[in-house]
Every structure is written in C-alpha cells, then in structure tokens.
Amino acid sequence: VGEYDLRLTSWNSEGDSLTAYKNISLTTVGIAEKNSIPQCFGIDVYPNPFNSSVVITVETQNLASLPEIAIYDVMGNVVATPFGACAPLSPLLRGTNEQSASGASRGFIWQPDENIPSGIFLVKATTQDGQTITKRIVYLK
Numbered sequence: 001v002g003e004y005d006l007r008l009t010s011w012n013s014e015g016d017s018l019t020a021y022k023n024i025s026l027t028t029v030g031i032a033e034k035n036s037i038p039q040c041f042g043i044d045v046y047p048n049p050f051n052s053s054v055v056i057t058v059e060t061q062n063l064a065s066l067p068e069i070a071i072y073d074v075m076g077n078v079v080a081t082p083f084g085a086c087a088p089l090s091p092l093l094r095g096t097n098e099q100s101a102s103g104a105s106r107g108f109i110w111q112p113d114e115n116i117p118s119g120i121f122l123v124k125a126t127t128q129d130g131q132t133i134t135k136r137i138v139y140l141k
C-alpha cells in the first residue's frame with residue numbers, strides 16, 4: 001500500500017540503454033468470502049475391491065442436504081442412481097439414514113445386476129450447489 005516510483009532499464013548488445021519511469025499507486029484489495037459450507041463431506045466405500053456387494057456411505061451436514069448419487073462405468077454410462085436428495089432407494093439398494101450433532105450419513109448397499117461386468121466404477125456425489133466428490137470402486141466377480 002502506497003505510492004512507488006518504478007524504473008525499468010534495458011540494454012542492448014552494444015551497451016546502449018533505454019530507461020522508462022512510472023509512478024504507481026498500490027491499494028489494498030480483497031476477495032469477498034463465500035459463506036457457504038460444503039454440503040457433502042465425503043464418500044466411504046467398503047470393501048474395495050468388492051465381489052457381490054459394496055457398502056457406500058455418504059457423509060453430509062444433515063439429512064436435508066443429501067447430495068445426488070450416481071454410479072458410472074469407465075465409459076461414463078450411469079450404471080445405478082441409488083438416491084437423490086429426496087429419492088427413495090431402488091430395490092437393489094438397501095439403505096440407512098443416521099443423524100448426529102456432527103453431521104449426517106446415509107449408507108446403502110449396491111449389488112450390481114448379473115449383466116454388469118467386473119471392472120472399475122465411479123461413485124459420484126453432487127450437491128445442489130454443484131460441488132462434486134468422486135470415489136473409485138473395483139467390482140470383481
């Protein structure tokens with residue numbers, strides 16, 4: 001913060017020089033703080049790799065701020081959509097909800113259909129404000 005004199009001198013290969021002067025004034029600037037607390041804290045999976053089923057737990061601030069969850073194959077195709085913010089669990093996904101003073105978690109068990117091959121899958125949680133968290137899981141038949 002303050003006023004400063006800036007001097008720039010340049011020399012060529014023959015020893016000639018050119019000097020430029022500039023008076024600059026610096027002021028304090030800031031960035032407005034975004035007061036939003038992330039809605040999605042994380043995704044836990046167990047076991048990984050898995051054989052017949054995997055337990056996926058999404059940790060959030062509270063049950064009202066549950067993110068949308070989707071499971072993708074490596075080609076980017078949606079394989080399963082366990083739950084959205086208010087969506088019920090599908091028959092292949094059994095789930096639980098828990099609320100505590102420190103936050104909330106929602107867990108479910110994913111049992112891939114028989115037609116789904118072994119491979120790498122991505123569990124992606126997306127909050128209402130667009131924040132995403134992705135976790136890689138490995139399915140071994």
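In my numbering, the protein residues as written are 1 to 141. Every residue, glycine too, gets a C-beta built ideally from N, C-alpha and C. If you're wondering where the values come from, they're calculated on a predicted model, not measured in any experiment.
Can you give the beta carbon distance from Ile58 to Ile71, rounded, assuming they're within the 8 Å contact cut?
-> A quick correction: the sequence has Val, not Ile, at residue 58. Going by Cβ atoms, the distance from Val58 to Ile71 rounds to 12 Å, so no, they are not a contact pair.
Neighbourhood of Thr27 by C-beta distance below 7 Å, restricted to the same chain and skipping five residues each side | Val1
Three-state secondary structure (DSSP) of Thr81 | coil
For Ser53, which of Lys22, Val29, Gln111 has the nearest alpha-carbon?
-> Gln111
In whole angstroms, what separates the C-alpha of Asn115 from that of Phe50?
-> 16 Å
What residues are listed by DSSP as bridge partners for Val138?
-> Ile120
Just to confirm, are Ile133 and Ala125 a CB contact at a threshold of 7 Å?
-> yes
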